[in-house]
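Report on the following structure.
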Amino acid sequence: LKDVDKDVYLKQVEGAKGFLRGNIASVEKKLKKEMREASKRMEFEVALEKKKQIGAIEHLKEKQKVDLLKSFDQDVIVKVENEEKSLVIVLKIKKEIIAEKKEYRFNYVDPELIAEFVKMYYSQNSVPKEIILEEKFFGDESNVIAKYLTKLRGGLVKIIIPQRGEKLALIRLAIRNAK
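Right, here's the structure in full:
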């Protein structure tokens, strides 16, 4: 460890404050300038350190873009059955966090239970931007229900039946929670 001049330290603290406030562009611009200056002075270790810091900022900016794409509400709905009973699980996801789990028990088994459940449930609850289901509705019912939910929400609603990826993992999580 080496001693840091008080003025240099205060500048670093101000830079960190600006970065945390979201002033990323100015911090990145400053680092690029410092990297070029260090290269001109042939201080290649310093230039490399600045380049690594710029790379870390770029990585954070990419992650923020991905997170912004997912900053909407989702519901995951699954059905688990035995011979004579059904259990429907609703996981409410708010900005990538499971905010709530609801269970609904039915003393019967019906292949159209999810379609009927979705219609009833969202007539009394807020409709998210995306609804993730483990199974498709019968026939053209999916389009009819999506239009109904879009009208209730006042904005587009996507009904997704995932085949792979994060959304399928959410389905599997909901099923595990049901058992």
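In terms of the working numbering, the sequence shown opens at residue 1 and continues consecutively. Positions of the beta carbon are idealized from the N, C-alpha and C atoms, including for glycine. Remember, predicted model here, so these are calculated numbers, not experimental data.
C-beta contact flag for residue i and residue j at 7 Å
| i | j | result |
| --- | --- | --- |
| Ala-146 | Val-157 | yes |
| Ile-132 | Ile-160 | yes |
| Ile-171 | Glu-130 | no |
| Leu-31 | Lys-50 | yes |
Residue i - DSSP class collapsed to helix/strand/coil
| i | result |
| --- | --- |
| Glu-130 | strand |
| Arg-153 | helix |
| Glu-58 | helix |
| Ile-161 | coil |
| Arg-172 | helix |
| Asp-7 | helix |
| Arg-36 | helix |
| Asp-67 | Summary for Asp-67: the model assigns pLDDT 49, below 50, so the residue's position carries little reliability; its value from the coordinates is reported in the next sentence. Note: Asp-67 maps to helix in three-state DSSP. |
| Gly-18 | helix |
| Glu-45 | helix |
| Asn-23 | coil |
Expected contact under 8 Å - CB spacing of residue i and residue j to nearest Å
| i | j | result |
| --- | --- | --- |
| Asp-75 | Lys-92 | 6 Å |
| Lys-136 | Ser-142 | 6 Å |
| Val-78 | Ala-178 | 6 Å |
| Val-8 | Gly-18 | The pair is not a contact, with the Cβ atoms about 16 Å apart (cut-off 8 Å). |
| Lys-181 | Tyr-148 | Only positions 1 to 179 of the chain appear in the structure, and residue 181 is not among them; the question remains open. |
| Pro-162 | Asp-73 | The pair is not a contact, with the Cβ atoms about 17 Å apart (cut-off 8 Å). |
Contact between the segment 43-59 and the segment 94-102 (3+ Cβ pairs under 8 Å):
no
Which ranges would you report for the beta strand (DSSP E) in the segment 73-138 if only whole runs of at least 3 residues count?
74-81, 86-94, 97-106 and 130-133
Whether or not the segment 69-87 and the segment 46-58 are in contact is what I'm after, with contact meaning three or more pairs of Cβ atoms, one per stretch, closer than 8 Å; do they touch?
no
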